[in-house]
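Have a look at the structure below, then the notes.
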Amino acid sequence: MLRINQLKFQYKKSANLLSYHFSINTGSIAILQGISGIGKTTLLHLIAGFLPASQGEIYWHQQALHRLPVEKRPVSLLFQQNNLFEHLTIAENLQLGHKLPPTQILASLIHLGGDARWLTAYPRQLSGGQQQRVALVRTLMRPEPLVLLDEPFSELDPQTRTNARQWVATYAHTHKKTLLLVSHDPQDIEQLDAQPIYIT
1 MLRINQLKFQ
11 YKKSANLLSY
21 HFSINTGSIA
31 ILQGISGIGK
41 TTLLHLIAGF
51 LPASQGEIYW
61 HQQALHRLPV
71 EKRPVSLLFQ
81 QNNLFEHLTI
91 AENLQLGHKL
101 PPTQILASLI
111 HLGGDARWLT
121 AYPRQLSGGQ
131 QQRVALVRTL
141 MRPEPLVLLD
151 EPFSELDPQT
161 RTNARQWVAT
171 YAHTHKKTLL
181 LVSHDPQDIE
191 QLDAQPIYIT
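Each residue of the sequence shown is one higher than the one before, counting from 1 in the UniProt record's numbering.
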């Protein structure tokens with residue numbers, strides 16, 4: 001279980017104190033909802049360790065994540081910018097962080113409308129939607145059990161988005177992943193059978 005206990009954060013020169021308190025069952029999918037600027041992306045960065053909370057606790061089962069450095073947290077995070085390395089090919093990007101067979105990774109990418117010819121390309125040679133699919137596959141297929149996704153379907157067309165939701169839900173269930181997403185699309189909640197968490 002992921003437990004966020006009275007977690008608080010405040011940006012410098014901002015009067016707005018962000019506060020979070022909720023829990024997510026292991027193996028489930030939850031989606032952060034709320035207006036832009038309310039602190040949804042900030043929360044992902046707090047859980048991953050890229051921002052320091054001013055107070056509060058983050059627990060993964062009995063493990064106090066708020067006391068661990070970034071590299072020790074069992075977290076895989078997909079940024080809005082897709083976090084692909086520009087100097088690496090798509091194949092090299094996909095291999096980072098795990099030792100899965102290349103055929104398994106490629107099969108997942110093709111399920112999302114990918115193409116084997118992408119593997120020899122560099123990120124700059126792909127469209128935004130193509131890059132997002134690559135980054136989504138890489139992030140979810142890493143070994144970390146807790147996956148944080150910041151608007152992972154925003155660059156996808158409607159049909160690809162539907163396929164991506166189906167793949168994410170199936171993969172997460174099969175591999176017992178716990179997912180926390182930021183999304184502004186209500187269909188994500190329905191199609192992923194996700195728990196909505198409203199940030200106010």
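Beta carbons: idealized from backbone N, C-alpha and C, even for Gly.
Distance from the Cα of Phe-22 is smallest, within the candidate group Lys-99, Ile-47, Asn-16 and Pro-69, for Ile-47. Within a 10 Å sphere around the beta-carbon of Asn-16 sit fewer than 16 other beta-carbons, which makes this residue exposed. As computed with DSSP, Ser-23 is found in a beta bridge with Arg-3. Counting the other CB atoms within 10 Å of its CB gives Gln-6 a total below 16, which places it among the exposed residues. The DSSP assignment places 146 to 150 as complete runs of the beta strand (DSSP E) inside the stretch 91 to 170, in order along the chain (cut-off: 3 residues). Taking 4 residues as the minimum length, the alpha helix (DSSP H) runs contained wholly in the stretch 52 to 97 are 90 to 95, in order along the chain. The residue from Val-134, Gln-95, Ile-29 and Tyr-20 with its alpha-carbon nearest to that of Ile-110 is Val-134. Close CB contacts of Ile-38 within its chain, under the 6 Å cut and outside five residues either way in sequence, are with Ile-199 (chain order). By the CB criterion at 8 Å, Asp-115 and Thr-41 fall outside the cutoff.
Under DSSP, Tyr-198 forms a beta bridge with Gln-33. In chain order, Met-141 place their CB closer than 7 Å to the CB of Leu-100, counting only its own chain and leaving out the 5 sequence neighbours on each side. By the 16-neighbour rule on beta-carbons within 10 angstroms, His-66 is buried.
Closest in alpha carbon position to Ser-54, among Gln-81, Ser-36 and Ser-19, is Ser-19.
The shortest C-alpha to C-alpha distance from Gln-132 to any of Arg-117, Asp-157, Pro-143 and Thr-120 is the one to Asp-157. DSSP, read as helix, strand or coil, puts Leu-192 in coil.
Using a Cβ-Cβ distance cut-off of 8 Å, the stretch 88 to 95 and the stretch 160 to 176 are not in contact, since fewer than three pairs of beta carbons, one from each stretch, lie closer than that value.
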